[in-house]
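Heads up, the thing below is written out as structure tokens.
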Amino acid sequence: MVEAQPGAVDLLVIGAGPAGARAALRAQACGLGVLLVDENPDAGGQVWRPLPPGFARAAGVQPSTEAVQGDALRAELRGAGVRCLFGHKVWNVGRSLRTDLIGPDGVCSWQPRALLVATGTTERVIPFPGWTLPGVIGLAAATVLLKSQNMLPGRRTLVAGSGPLLLAVANGILKAGGEVAAVLDLASRADWLRTLPSLAARPDLLWQGARWQLALRKAGVPLLYRHGIASAEVLGDGFRIRARQVDASGAPIASASSSDFEADALAVGHGLVPGTDVTRLLRVRHRYEASHGGWIADADAEGRTSVAGLYVAGDGAGIAGAAAAGAHGELAAVACAFDLGRLSAQDHARARDRLFAEWRRPARFGRAMAGLMALRDGAVAAIPAATVVCRCEDVTRSEIDAAARDGARDMNQLKAWTRCGMGPCQGRTCGDVAGALLAAHVGGREAAGCFTGRAPLRPVSLAEVAGDYTYADIPIPKAAPL
Amino acid sequence: MSATSHSPGAYDAVVIGGGVMGCSTALHLAQGGMRVAVVDRGPLCREASGVNAGTLTLHMTRAALVPYAMRAWQMWMDAEKWLGMGVLATRVPGLTLAFTEAECELVELRAQARRAFGAPIEVITPARAREIEPGVHPSLLKAGYCEIDGFASAYLTGRAFRHALVRAGVDVIENAAVASIDSGDAGHVVRFGDDSGRAPLRAARIVLAGGVWIENMLAWLGVRIPIKVLINQLIVTERIRPVMRTVLSVANGLLSLKQFANGTVLIGGGWQGEGDRERGGLEARPQNLVGNMRLAAYAVPALAEARIARIWLGLEAETADAMPIIGDVPGVPRAYVVGSAHSGYTSGPFMGRIMAQHILGQQPELPLFDPARLLGMPMPGA
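From first to last, the protein sequence lines are chains L and B.
Just so you know, the first sequence maps onto residues 1 to 482 in this note's numbering.
Just so you know, the second sequence maps onto residues 1 to 382 in this note's numbering.
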């Protein structure tokens with residue numbers, strides 16, 4: 001059950017991706033007592049995802065750069081003796097920053113002096129007819145399959161959406177021996193060329209992108225810029241996917257012809273949305289920043305939020321990419337060490353300046369990629385009326401529009417009137433797109449607001465919270481008046 | 001509606017506070033021929049009226065309010081008729097469970113008290129209770145049983161009332177926080193904050209219907225009546241297989257349990273969380289979550305497997321004598337107040353109706369609850 005006396009620690013870090021793991025290492029080096037928590041079985045996050053327990057790389061298979069970097073990070077955490085709780089989900093955080101976890105041995109609670117939220121992002125999918133069919137997965141989900149288990153999404157996969165994951169997934173599939181039906185990119189070639197100055201800072205990535213393009217061409221994979229998915233329908237054991245040309249806003253061009261592709265899997269993602277569940281739960285001040293992925297906690301450059309003792313870092317604080325996330329995490333760690341009196345002003349300033357310098361270049365690249373992945377209004381406007389937007393509760397676009405026309409002015413009212421965002425995912429999947437749909441009626445994303453954060457952040461069962469008990473153990477308050 | 005959509009002329013009545021009681025009052029005043037506006041600092045029915053457990057029960061209603069709750073229960077069941085849009089009001093039997101000897105006595109006592117006011121509650125054997133609700137824990141000793149019971153989906157309340165109010169020609173002014181009221185012989189002037197850019201509203205009559213904030217509203221008129229604030233925790237599960245088919249409570253009233261048609265189970269009962277009038281509900285108390293969940297999973301053991309989807313808080317008002325405040329504001333002509341009924345969601349629509357009847361000069365169907373009785377009455381435990 002939930003413990004009355006939570007364990008004490010200086011800094012609790014939620015999320016052991018690049019930001020959280022580097023923050024934990026740095027904070028511990030500054031003398032803080034640190035606890036690093038992640039729901040995955042080991043550190044690495046999405047970008048440096050480890051192999052699942054019991055899996056090993058087959059002999060002769062060359063580990064990827066990311067696998068090497070991830071292994072190095074995991075070794076560093078073990079070497080430094082950072083206290084880690086993997087396989088633990090944070091299901092609640094109180095205003096005192098008390099953090100309630102659920103793990104393999106049930107629930108436990110910790111009371112940190114400071115809390116760093118480094119929870120990364122959630123993938124956004126702009127709904128189209130067929131997006132909820134089995135066999136349709138996110139680009140991020142496809143990278144999990146490929147990276148962590150060397151599994152293909154299907155025999156023949158169509159890859160669609162926006163951002164750098166498109167090429168990464170398509171090439172991952174080719175490398176693993178799969179077939180790619182086509183790559184549909186909402187961005188134009190010109191959109192990509194505009195990111196070149198920021199790429200100049202990362203010649204390695206520029207080179208990698210060029211190699212990926214070449215590999216696709218060699219494999220004869222059609223790469224269609226300014227194209228989106230009109231629909232996916234079941235055809236035999238797979239899908240028929242209709243692709244159509246779009247304009248710069250993502251809106252379909254009526255006069256353009258469409259083309260059909262056949263595939264047995266569809267990997268689609270329209271960018272990433274910062275994970276703000278914890279900060280919304282704690283009523284931190286947030287702001288909408290389309291170029292950073294959407295709603296983000298209003299924080300200073302070192303990750304301090306409007307709530308004392310609460311910090312954010314990495315892509316969850318505003319997308320700047322994995323390469324920048326580590327430095328961002330360390331910035332928050334030294335800020336925290338300074339705020340808790342473990343670092344002198346001078347040492348803090350020196351460390352901060354160095355970390356900013358380290359952060360700037362990769363962040364410039366990461367922000368450029370975030371720009372490519374930003375939500376395109378025309379693509380949202382083109383969602384058909386009958387298409388489900390909230391898949392937990394089967395709420396369609398027309399139901400959202402009808403609620404707005406009936407007078408729903410903000411996201412929480414929309415939630416109450418339609419159940420959009422009331423399901424087990426707490427609006428993580430639909431919230432950004434539903435927000436864009438409502439914003440079109442009420443004059444902008446700031447006016448529409450975002451869903452209030454609610455516990456549990458991850459579903460937890462009554463039995464897990466209640467523990468073992470008899471009727472006599474229930475602390476029943478005195479009876480209400482007659 | 002935006003601030004500019006209503007005309008600047010005087011209203012016959014301005015209702016401040018757009019919860020169930022305020023909305024029902026406004027609707028019935030408009031149906032009585034008055035020109036009415038309802039004003040809320042947020043959207044309609046987004047505080048207690050929209051976030052409560054939706055229980056429509058006589059078991060937990062204060063005994064003296066049973067006649068009111070029975071009339072209101074019928075109004076909820078007929079919501080589609082008089083609001084033009086329903087709130088998924090569903091009629092099911094209600095049971096109050098006793099697991100100890102002391103609770104058996106309490107069940108008898110509470111049933112007796114409510115029977116005296118007309119509630120058809122009888123005390124039944126565990127065998128009979130299990131016929132009605134097979135999901136209940138086998139250690140049950142006794143149960144209070146009432147066939148007039150049920151629930152609504154409270155989150156739909158705002159949409160239904162908004163629909164009805166707009167249709168009845170009431171000006172709905174949302175997201176408009178009232179800052180002050182000037183009352184004089186010429187009527188009332190309702191003023192918004194300086195930075196709101198909203199013009200003041202002139203009203204021949206005002207109705208204060210602000211739930212736990214009635215205390216602050218009365219203070220605008222120089223009247224001091226303390227209102228206690230309860231911070232009730234609510235828990236809802238994911239959709240699960242059918243595990244129950246009644247509304248359940250326990251002898252001391254501190255559990256409410258029902259499964260909606262969509263499969264979710266709502267767990268309430270007034271276990272207290274952190275919060276206050278100024279900041280609203282802030283956070284659940286872990287030990288009270290544990291207590292509430294234990295009680296729920298004890299009453300219906302199949303609930304143990306259910307996963308919790310969401311936890312939230314709602315504010316409930318209580319006066320010094322735990323009875324509602326419905327009637328004339330003492331010493332201020334043509335100013336009225338309606339609210340602070342325990343289990344206020346259950347009886348809310350009827351409370352608004354009798355408030356409107358009084359304002360329209362009609363004889364209310366049942367007596368009001370004179371606010372003047374509370375002047376100078378100390379809050380117990382304060």
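Yeah, the Cβ is synthetic: ideal placement off N, Cα and C, and Gly gets one too.
- DSSP places Ser162/L in the uninterrupted beta strand (DSSP E) bounded by 156-162.
- Around the beta carbon of Glu330/L, 16 or more other beta carbons sit within 10 angstroms, so the residue counts as buried.
- Using a CB distance cut-off of 7 Å, Trp417/L counts as an interface residue toward chain B.
- DSSP lists Tyr288/L as the bridge partner or partners of Trp295/L.
- Its chain contains Leu199, Phe365 as the residues whose beta carbon lies nearer than 8 Å to that of Leu205/L, once the 5 sequence neighbours on both sides are disregarded; these appear in chain order.
- The secondary-structure analysis by DSSP pairs Asp260/L across a beta bridge with Arg242/L.
- Identification of residues in the region 117-149 of chain L having a C-beta nearer than 9 Å to some C-beta of chain B yields an empty set.
- Taking a beta-carbon distance threshold of 7 Å, Ser398/L does not count as an interface residue toward chain B.
- Between the region 331-343 of chain L and the region 301-313 of chain L there are three or more inter-stretch CB-CB distances shorter than 8 Å, so the stretches are counted as touching.
- Its Cα nearest to that of Leu95/B, the residue Val107/B stands out among Gly86/B, Leu165/B, Val107/B.
- Contacts with chain B (Cβ-Cβ distance below 8 Å) from the region 464-479 of chain L involve Val465, Ala466, Gly467, Tyr469, Tyr471, Asp473, Ile474, Pro475, Ile476, Pro477, Lys478, Ala479, listed in chain order.
- Using a C-beta cut-off of 8 Å, the region 44-51 of chain B makes no contact with the region 62-71 of chain B, since fewer than three inter-stretch Cβ pairs fall below that distance.
- The beta-carbon of Ala455/L is placed less than 7 Å from the nearest beta-carbon of chain B.
- Note that the region 36-44 of chain L touches the region 13-25 of chain L; at least 3 beta-carbon pairs, one per stretch, sit closer than 8 Å.
- With fewer than 16 other beta carbons inside 10 angstroms of its own, Ser249/L counts as exposed.
- Within the region 133-196 of chain B, the runs of beta strand (DSSP E) at least 3 residues long that lie entirely inside it are, in chain order, 142-146, 171-173, 178-184, 187-192.
- Rounded to whole angstroms, the gap between the alpha carbons of Arg239/B and Val273/L is 26 Å.
- Annotation: the continuous beta strand (DSSP E) that includes Ile231/B extends over 228-237.
- In this chain, Cys336/L is not harboured by any beta strand (DSSP E); it is covered by the alpha helix (DSSP H) spanning 322-339.
- One Cα belongs to Leu414/L, the other to Pro43/B, and the distance between them is close to 11 Å.
- Interface annotation, Tyr11/B: not in contact with chain L, CB-CB separation never under 7 Å.
- In the DSSP assignment, Lys175/L falls within the alpha helix (DSSP H) that extends over 165-175.
- With respect to chain B, the C-beta atom of Gln413/L has a partner C-beta closer than 7 Å.
- For Leu140/B, the closest of Lys258/B, Ala127/B, Glu147/B by C-alpha to C-alpha distance is Ala127/B.
- For Leu201/B, the enclosing beta strand (DSSP E) begins and ends at 201-208.
- In the DSSP assignment, Val61/L falls outside any beta strand (DSSP E) and carries neither an H nor an E.
- Here Ala114/L is near Gly309/L, since their CB atoms are less than 7 Å apart.
- The beta-carbon of Tyr345/B is placed no less than 7 Å from the nearest beta-carbon of chain L.
- Leu255/B is not bridged by DSSP to any residue.
- Contact between the region 163-173 of chain B and the region 83-91 of chain B is established, with three or more Cβ pairs separated by less than 8 Å.
- Any Cβ of chain B closer than 7 Å to the Cβ of Gly407/L would place that residue at the interface, and such an atom is present.
- With respect to Phe151/B, Ala176/B sits apart: the two C-beta atoms are not nearer than 7 Å.
- When only Cα atoms are considered, Tyr345/B and His188/B end up about 29 Å apart.
- For Arg280/L, none of the residues of chain B pass the 8 Å Cβ criterion, the least Cβ distance being about 13 Å.
- Shortest Cα-Cα distance from Trp131/L to any of Ala75/L, Pro477/L, Gln28/L, Val268/L involves Val268/L.
- Taking a contact to require three or more Cβ pairs closer than 8 Å, the region 227-238 of chain B and the region 260-277 of chain B qualify as touching.
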